[in-house]
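Participant: Sequential numbering from -14 applies to the sequence shown in the working numbering.
Just dropping this structure here.
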Amino acid sequence: MPTVDDVLLLFQSRGDSQYGGEAVTQQEHALQAATLAEAAGASAALITAALLHDVGHLLHDLPEESPDLGLDDHHEGSGYHYLNSIFPVEVTEPIRLHVAAKRYLCAVDPNYQSCLSEPSIVSLQLQGGAMSSEEVRAFDENPHREAAVRLRRWDDEAKVANMTTPPLSYFQSIVHSAAIPI
């Protein structure tokens, strides 16, 4: 079973890889998302979810251009499974649902898709495109929908080259405080 420190070490060992065709690395993207969450007054759990939402990308050995090759790494599921023994549902459910939240927003907000980056549009197609009306109804009933949508919006904004953020060490105590006590 991984520990909080194991998770944070993943960013130190693999976080310098490019974030799927974006102008930032995996670690820069994570730090930007967490910084946006903190600036929005999010809870420690949601800041942690923002920091760790793409940890699934750090768990596989697929090439960085996988989406361009038509491969979906299902990072939301692998990240969820990796983290669910360490963190409560307030952290893991928004992570598990952040891809579904993109599909949801594409279905319910006519302006949302125009705000997506090109790599995010490519991955959207691999992830199933906009939700159907049945999927939207089911997503609306999920108790973690609001947190997942907030996380999704930070995820979309966290792709700014050279954005100044606190270092990973700044978020360490927040992440530890959001973990399941052992």
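For glycine and all other residues, C-beta sits at the position ideal for the given N, C-alpha and C.
Keep in mind the model is a prediction, meaning the values are calculated, not measured.
(1) If C91 and D141 are in contact, beta carbons under 8 Å, what's the gap, nearest whole angstrom?
(2) Rounding to the nearest angstrom, what Cα-Cα distance links Q17 and G26 in this structure?
(3) Where do the ends of the alpha helix (DSSP H) carrying C91 lie?
(4) Going by the DSSP bridge assignment, what does Q3 pair with across the sheet?
(5) According to DSSP, is E126 helix, strand or coil?
(6) With burial defined as no fewer than 16 other Cβ atoms inside 10 Å of the residue's Cβ, what is the status of M(-14): buried or exposed?
(7) Rounded to a whole number of angstroms, what is the C-alpha to C-alpha distance between I106 and H38?
(8) For a quick check, are the C-beta atoms of T150 and T10 less than 8 Å apart?
(9) With the cut-off set at 8 Å, would you say M116 and Y89 are in Cβ contact?
(10) Put I159 into one of helix, strand or coil per three-state DSSP.
(11) Count the other C-beta atoms from every protein chain shown that fall within 10 angstroms of the C-beta of E131, then say buried if there are 16 or more, exposed otherwise.
(12) Under a Cβ-count criterion, where at least 16 other Cβ atoms within 10 Å of its own Cβ denotes burial, should Q103 be classed as buried or exposed?
(13) Considering only C-alpha positions, which residue in the set M148, L82, G113 and N147 is nearest to R138?
(14) Identify, in the order they occur along the chain, each residue of the same chain with its Cβ nearer than 6 Å to the Cβ of E78, setting aside the five sequence neighbours on each side.
(15) Locate the alpha helix (DSSP H) running through Q112, then write down its first and last residues.
(16) Using only CA atoms, which one of Q98, A86, L111 and L136 lies nearest to R122?
(17) Could you tell me how far apart the beta carbons of T(-12) and I71 are, in whole angstroms, since I believe they sit closer than 8 Å?
Facilitator: The structure says:
(1) Contact flag wrong, Cβ pair sits at about 11 Å.
(2) Taking the straight line joining both Cα atoms gives about 14 Å.
(3) Its alpha helix (DSSP H) spans residues V74 to V93.
(4) The partner list for Q3 (beta bridge, DSSP) reads T10.
(5) Secondary structure at E126: coil, using DSSP grouped into helix, strand and coil.
(6) By the 10 Å Cβ count, M(-14) comes out exposed.
(7) So the two alpha carbons sit approximately 18 Å from each other.
(8) Cβ distance not < 8 Å, so T150 and T10 don't count as in contact.
(9) Going by C-beta atoms, M116 is nearer than 8 Å to Y89.
(10) Judged by DSSP in its simplified three-state form, I159 adopts helix.
(11) E131 is exposed by the Cβ-count criterion.
(12) Note on identity: in this sequence residue 103 is Glu, with Gln being the wrong assignment. Per the 10 Å Cβ criterion, exposed.
(13) Here the closest residue by C-alpha is L82.
(14) Excluding residues within five positions, the ones whose Cβ falls inside 6 Å are H129.
(15) Q112 -> no alpha helix (DSSP H), and no H or E assigned at all.
(16) From the listed residues Q98, A86, L111 and L136, the smallest Cα separation to R122 is found for A86.
(17) Contact holds; Cβ gap of about 7 Å.
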